[in-house]
Amino acid sequence: MSAPGTAVLVTHTHPENSSEGVRAAVAAAREAGVELVAPEDEHRKHGDAAAELGRAEELEGEPGVCIVLGGDGSILYALRRYAGTGVPVFGINFGTIGFLAAVEREALEDGMRRALAGDFEVMSVPALEVSISSERPVAFNDVTFTRVPHGRVAELSYSVGAQEVGHVRCDGLVAATPAGSTGYNLANAGPILAWGVEGYVVSFIAPHTLTARSLVMAPGDVLQVQNAAGRDPVEVEIDGEHIGELAPGEEVGVSFRDGAGSLAQLQGASFYTRIREKFGRLAK
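Numbering (the numbering used here), first residue to last: 6 to 289.
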């Protein structure tokens with residue numbers, strides 16, 4: 006990819022974890038001759054460290070790349086922010102796992118140089134679209150339906166189109182993309198979907214039955230999730246962020262959206278090597 010003329014910077018929620026990275030980014034952008042900007046909240050968060058950054062709100066058009074100094078949560082935020090724009094998101098892991106990151110924090114300077122030079126490949130990643138509002142928000146990791154805290158066990162019916170698939174009492178239901186299949190879905194004993202698989206997976210949180218099993222969905226399948234009448238509301242989250250509730254008797258659709266995001270990766274990066282390295286690290 007060619008070098009970007011402009012880059013936008015997004016960082017970890019806690020500035021003490023990423024201020025050093027902001028200073029490194031400013032220096033690298035100055036050397037590369039790339040205009041580096043950041044949203045207003047980043048300026049407030051980092052103070053003097055962000056003094057040389059431009060204002061993203063004043064940028065005409067989209068940036069050439071979004072550089073994220075953070076973990077998977079920050080990278081997911083950036084993917085949602087630039088969904089459908091084609092802006093590649095280049096993650097430098099300042100979090101714990103950093104499964105979506107292109108490079109680790111220890112390689113900050115080299116990673117910044119690569120990001121600003123366009124020295125990376127762009128991988129198209131799918132999302133899940135939720136029909137909970139007129140905005141139809143998207144999730145790049147997962148959509149979760151969970152019982153409210155201290156509430157009764159949820160009773161959820163799920164169907165594909167007009168075909169009912171099942172009815173289950175559980176603590177929740179998770180619909181995950183291939184990228185998100187290594188998260189909440191994996192904790193539910195759901196299958197890992199390799200990046201590049203077209204489709205998504207549905208799994209259950211603490212199902213109160215022996216028959217509820219994970220289900221791999223085709224890309225054209227629209228999942229309908231209905232909360233049983235007379236039950237407590239069910240919380241709905243995308244990528245861990247609350248977006249609303251499913252009232253008793255209410256139904257919500259989840260659909261596969263191919264190519265919604267652009268994730269930057271170094272040339273030769275392997276999904277299977279990443280699985281071994283990231284999850285092997287947690288096992289030590």
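Beta carbons are placed, not taken as given, at the ideal position from N, Cα and C, and that holds for glycine.
What is the DSSP secondary structure of residue i, counted as helix, strand or coil?
i: R49; result: helix
i: L191; result: helix
i: L81; result: helix
i: G59; result: strand
i: P154; result: coil
i: M240; result: First, the amino acid is wrong: residue 240 is Glu here, not Met. Reduced to three states, the DSSP call for E240 is strand.
i: R281; result: helix
i: R218; result: coil
i: L93; result: This sequence places Pro at residue 93; Leu is not what is there. Residue state, collapsed to three classes: strand.
i: A37; result: helix
i: S267; result: strand
i: V73; result: strand
Among the options, which one has its Cα closest to the Cα of residue i?
i: T3; options: G225, A269, I248, A55; result: Residue 3 lies beyond the stretch modelled for the chain, which goes from 6 to 289, so this question has no answer here.
i: H155; options: R141, V165, D176; result: D176
i: P131; options: R262, E282, L105; result: R262
i: T278; options: G264, G258, H213, W200; result: W200
i: D46; options: A12, A106, L58, R157; result: L58
i: R28; options: A56, H19, S267, H17; result: A56
i: V217; options: E240, L198, N193; result: The amino acid occupying residue 217 in the given sequence is Ala; Val does not appear at that position. For A217, the nearest C-alpha among the options comes from N193.
i: V39; options: N98, R85, L121; result: L121
Identify every residue that forms a DSSP beta bridge with residue i.
i: Q229; result: S164, G258
i: N22; result: Its beta-bridge partners do not exist; DSSP assigns none.
i: A180; result: V148, V207
i: R174; result: E160
i: L14; result: I72
| task | Please go through the region 106-145 and give each complete alpha helix (DSSP H) segment of 4 or more residues, from N-terminal end onward. | result | For the region 106-145, whole alpha helix (DSSP H) runs of length 4 or above, ordered along the chain, are 113-122.
| If you pair each beta-carbon of the region 235-243 with each one of the region 87-102, do three or more pairs fall below 8 Å? | no
| query | If we count Cβ pairs, one from each stretch, closer than 8 Å, do we get three or more for the region 253-261 versus the region 224-232? | reply | yes
| query | How do the region 103-123 and the region 165-181 stand: do at least 3 beta-carbon pairs fall below 8 Å, yes or no? | reply | Contact between the region 103-123 and the region 165-181 is absent, because fewer than three Cβ pairs lie under 8 Å.
| field | Given 8 Å, three or more beta-carbon pairs between the region 54-72 and the region 100-111 | value | no
| Can at least three beta-carbon pairs, one atom from the region 67-86 and one from the region 11-19, be found at a separation below 8 Å? | yes
| task | Inspect the CB distances between the region 206-216 and the region 126-146 and report whether three or more fall short of 8 Å. | result | no
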